[in-house]
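Novice:
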Amino acid sequence: MLDLYGNSQLTVAQKDVAKIGAFENYLVEGSAAEKWFETLQGGNNAPATWDALEAAFKARFPAPQKAERTQQEWERELLGMRLKLEDVDGTVKVGEAEVYTYIHFAAKLLEVAHLAGIAATAGGIWQSRDALPEVLREKVPSTQANWTTYTTAIKSVDRTYLREATAKARKAQEMERTVADLKRGTPPLTPVSKMSTQMARAALATPRAPGPERTASPANTFGAGGGQGNLFVNREVSEVTKANLRRMVEALAKNMLQNDAQGREEYERRINNWNRVHGGAARKPLENTGYPLSPGTAAPLSGECFGCGKVPMPRHLRDKCPGPPIPRNEAIFRGLCAKFLRATAVNAVLEEESPLAWIDFATFEDGEDFGEGLSD
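Just add 133 to wherever you are in the sequence shown, counting from 1, and you've got our numbering.
1) Please work out which residues of its chain come closer than 6 Å, Cβ to Cβ, to leucine 248, disregarding the five sequence neighbours upstream and downstream, and give them in chain order.
2) With a CB to CB cut of under 7 Å and the five nearest residues on each side skipped, what residues in its chain are close to alanine 179?
3) Tell me the residue span of the alpha helix (DSSP H) that contains glutamate 372.
4) Can we say the region 269-287 touches the region 232-244, given the rule of at least three CB pairs closer than 8 Å?
5) Using a threshold of 9 Å, state whether the C-beta atoms of proline 428 and cysteine 470 are closer than that.
6) Have a look at Trp407, Thr374, Thr430, Gly456 and flag the residue whose alpha-carbon is nearest the alpha-carbon of alanine 386.
7) Out of Glu229, Arg215, Gly250, Glu420, which has the shortest C-alpha to C-alpha gap to glutamine 260?
8) Which stretch, first to last residue, makes up the beta strand (DSSP E) that contains alanine 252?
9) Do cysteine 441 and proline 457 have their C-beta atoms closer together than 9 Å?
10) Who are the near neighbours of threonine 299 in its chain, counting only those whose CB is closer than 6 Å to its CB and skipping five residues on each side?
11) Any idea which residues DSSP pairs threonine 224 with across the strands?
12) Could you tell me which of Ala255, Gly423, Thr203 sits nearest to alanine 384, measuring between CA atoms?
13) Smallest Cα separation from isoleucine 153: which of Ala165, Phe190, His411?
14) Could you spell out where the alpha helix (DSSP H) holding asparagine 462 opens and where it closes?
15) Beta-carbon separation of threonine 284 and alanine 239 under 9 Å?
16) Could you name the residues of the same chain whose beta carbon sits closer than 8 Å to that of valine 227, not counting the 5 residues immediately before and after it, in chain order?
17) What is the rounded straight-line gap between the Cα of alanine 155 and the Cα of alanine 200?
18) Could you tell me the alpha carbon to alpha carbon distance between asparagine 463 and proline 455, rounded to whole angstroms?
19) The alpha helix (DSSP H) with lysine 316 in it runs from where to where?
20) Just to confirm, is the Cβ distance from tryptophan 280 to alanine 305 under 9 Å?
21) Roughly how far, in whole angstroms, is the beta-carbon of leucine 211 from the beta-carbon of alanine 255, given that I think they are within contact range, below 8 Å?
22) Let me confirm a value: lysine 148 is counted as buried when at least 16 other C-beta atoms fall within 10 Å, else exposed. Which label applies?
23) What do you reckon, are the CB atoms on leucine 474 and lysine 375 nearer than 9 Å?
24) What is the rounded straight-line gap between the Cα of arginine 89 and the Cα of glutamate 372?
25) For the putative contact between methionine 389 and leucine 426, defined by C-beta atoms under 8 Å, what is the C-beta separation to the nearest angstrom?
26) Indicate the three-state DSSP secondary structure (helix, strand or coil) for lysine 148 in the structure shown.
27) Check for me: the alpha helix (DSSP H) holding tyrosine 400 runs from which residue to which?
28) Measure the alpha-carbon distance for valine 273 versus leucine 243 and round it to whole angstroms.
29) Would you please state the rounded distance, in angstroms, between the beta carbons of glutamate 157 and phenylalanine 170? I believe it to be under 8 Å.
30) From valine 382 to aspartate 393, what distance separates their C-alpha atoms?
31) With DSSP collapsed to three states, give me the class of threonine 276.
32) Have a look at glutamine 277 and alanine 185 and give me their C-alpha separation to the nearest angstrom.
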């Protein structure tokens with residue numbers, strides 16, 4: 134402020150006395166600076182030159198000292214930077230552009246390495262490389278001359294490889310979680326989890342000619358739990374339930390999430406809320422509760438694949454879905470939407486030339502009961 138006034142607001146021809154006299158006009162009324170200036174001018178040591186006033190002002194009101202990190206602090210931050218597996222194949226918005234997450238991560242690594250003063254060295258590279266997701270680490274050589282070559286190696290990893298390797302790694306993680314659940318002695322498959330397996334293996338069939346629905350006739354129509362909601366897969370729901378389900382689907386379609394950092398954060402919040410409200414042992418059927426939809430997937434009843442939640446292009450069978458799998462409850466919910474709302478949505482369709490389009494839900498009439506308890 135003071136430099137701007139002294140150098141820009143007044144011409145060179147103006148005398149110091151005039152500058153000092155006009156200076157008070159630039160001070161906020163009632164401020165500490167104005168009170169200081171009035172006291173200074175009324176005393177015996179009032180500055181007679183502009184340079185003297187400037188020196189006195191800076192001595193009384195020094196510029197605040199900026200908080201700056203040391204190189205050690207920047208290096209500590211650099212070695213703590215992590216890229217999660219679920220983010221490897223995603224994108225992040227930088228300004229107005231969408232940038233692949235792993236490329237943006239590499240750029241940030243190099244930027245912080247410069248701030249830490251080690252960009253021209255190989256210091257810390259091995260720790261950073263060890264922390265990379267395996268799908269990236271195995272494509273980045275362990276021997277690097279400096280952080281520029283290291284981050285360039287990350288950026289150079291083939292996109293197609295990353296997409297396929299990330300999908301496989303996610304499936305492997307899901308399998309590991311399943312095995313861990315079994316080791317912990319979790320309950321056996323519920324009727325709904327059995328239905329999910331059946332849906333994954335279901336063969337496609339041409340639409341049947343109109344006729345009476347077939348019904349299963351098991352020996353015990355109520356199952357082990359008596360008449361407390363144990364129904365079969367080919368059960369029907371009330372028109373009120375269908376109407377509520379359709380409203381739920383419409384609301385979900387208006388609030389689909391993008392597969393970016395913000396979308397994934399919101400998805401985690403919705404999952405946590407759903408588990409808090411509906412995650413107890415006695416859950417209601419999914420057609421009543423709905424289920425959060427994964428970021429980047431298509432809306433229900435849009436012809437999506439029940440394996441990855443996206444509209445498949447080219448079309449494929451669900452058991453041959455190349456994309457990362459959506460959660461089991463989400464797959465079941467999407468299937469229920471297609472079943473109860475009688476939509477022309479396609480679970481998994483064959484190649485373009487095939488006329489076979491819709492899943493025949495009647496193929497699940499094998500006597501397995503469809504209870505209200507839903508499996509994770």
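Ideal placement from N, C-alpha and C gives every residue a C-beta, glycine not left out.
Specialist: The relevant details are as follows:
1) Here the question's residue 248 lines up with position 115 in the sequence shown. Counting only Cβ-Cβ distances below 6 Å, and skipping sequence neighbours, we find Trp207.
2) Against the sequence shown, residue 179 aligns to sequence position 46. Leu173.
3) As a working note, residue 372 is residue 239 in the sequence shown. Residues 372-386.
4) yes
5) Position 295 of the sequence shown, counted from the start, is the residue given in the question as residue 428. Position 337 of the sequence shown, counted from the start, is the residue given in the question as residue 470. The answer is no: Cβ separation not under 9 Å.
6) Working through the sequence shown from its first residue, we reach residue 386 at position 253. Of the listed residues, the one whose Cα sits closest to alanine 386 is Thr430.
7) Locating residue 260 in the sequence shown gives position 127, counting from the first residue. In terms of CA proximity to glutamine 260, Arg215 leads the group Glu229, Arg215, Gly250, Glu420.
8) Numbered from its first residue, the sequence shown carries residue 252 at position 119. Alanine 252 -> no beta strand (DSSP E), and no H or E assigned at all.
9) Counting from 1 along the sequence shown, the entry for residue 441 is found at position 308. Counting from 1 along the sequence shown, the entry for residue 457 is found at position 324. A contact, by the Cβ cut-off of 9 Å.
10) Counted from its first residue, the sequence shown places residue 299 at position 166. So the qualifying residues of the chain are Val221, Asp222, Val268.
11) Stepping through the sequence shown from its first residue, residue 224 is reached at position 91. Its beta-bridge partners are Tyr233.
12) Along the sequence shown, one-based indexing puts residue 384 at 251. If we check each option's Cα against that of alanine 384, Gly423 comes out closest.
13) As a position in the sequence shown, residue 153 is number 20, starting the count at 1. Nearest of Ala165, Phe190, His411 to isoleucine 153, Cα basis: Phe190.
14) The residue labelled residue 462 in the question sits at position 329 within the sequence shown. Where asparagine 462 is concerned, the enclosing alpha helix (DSSP H) stretches over 461-473.
15) Within the sequence shown, the letter at position 151 stands for residue 284. Within the sequence shown, the letter at position 106 stands for residue 239. Less than 9 Å separates the beta-carbon of threonine 284 from that of alanine 239.
16) For this step, residue 227 is matched to residue 94 along the sequence shown. Cβ within range, chain order: His237.
17) Here residue 155 refers to the residue found at position 22 of the sequence shown. Here residue 200 refers to the residue found at position 67 of the sequence shown. In a straight line, the C-alpha of alanine 155 is about 34 Å away from that of alanine 200.
18) Stepping through the sequence shown from its first residue, residue 463 is reached at position 330. Stepping through the sequence shown from its first residue, residue 455 is reached at position 322. It should be noted that the sequence gives glutamate, not asparagine, for residue 463. CA-CA distance, glutamate 463 to proline 455, rounds to 18 Å.
19) Position 183 of the sequence shown, counting from 1, holds the residue named residue 316. Element bounds for lysine 316: 292-316.
20) Looking up residue 280 in the sequence shown gives position 147. Looking up residue 305 in the sequence shown gives position 172. No, the pair does not count as a contact, with Cβ atoms beyond the cut-off.
21) Position 78 of the sequence shown, counting from 1, holds the residue named residue 211. Position 122 of the sequence shown, counting from 1, holds the residue named residue 255. In fact, because the Cβ distance is near 13 Å, the residues do not count as touching under 8 Å.
22) As a first step, residue 148 must be located in the sequence shown, where it is residue number 15. Its Cβ having fewer than 16 others within 10 Å, lysine 148 is exposed.
23) If you number the sequence shown from 1, residue 474 lands on position 341. If you number the sequence shown from 1, residue 375 lands on position 242. Going by C-beta atoms, leucine 474 is nearer than 9 Å to lysine 375.
24) Because residue 89 is not part of the residues shown, which for the chain are 134 to 509, the question remains open.
25) For this step, residue 389 is matched to residue 256 along the sequence shown. For this step, residue 426 is matched to residue 293 along the sequence shown. Methionine 389 to leucine 426, Cβ: 7 Å. Contact.
26) For this step, residue 148 is matched to residue 15 along the sequence shown. Looking at lysine 148 - three-state DSSP - the assignment turns out to be coil, as it is neither helix nor strand.
27) Taking the first residue of the sequence shown as position 1, residue 400 is located at position 267. Unbroken alpha helix (DSSP H) run through tyrosine 400: 394-411.
28) Here the question's residue 273 lines up with position 140 in the sequence shown. Here the question's residue 243 lines up with position 110 in the sequence shown. Answer to the nearest angstrom: the Cα atoms are 15 Å apart.
29) Looking up residue 157 in the sequence shown gives position 24. Looking up residue 170 in the sequence shown gives position 37. Right, the Cβ-Cβ distance comes to about 6 Å (below 8 Å), so this counts as a contact.
30) Reading the sequence shown from its first residue, position 249 is the one you call residue 382. Reading the sequence shown from its first residue, position 260 is the one you call residue 393. Approximately 22 Å between the Cα atoms of the pair.
31) As a first step, residue 276 must be located in the sequence shown, where it is residue number 143. When secondary structure is reduced to three states using DSSP, threonine 276 falls in the coil class, being assigned neither helix nor strand.
32) The residue given as residue 277 occupies position 144 in the sequence shown. The residue given as residue 185 occupies position 52 in the sequence shown. Going by the C-alpha atoms only, they are around 56 Å apart.
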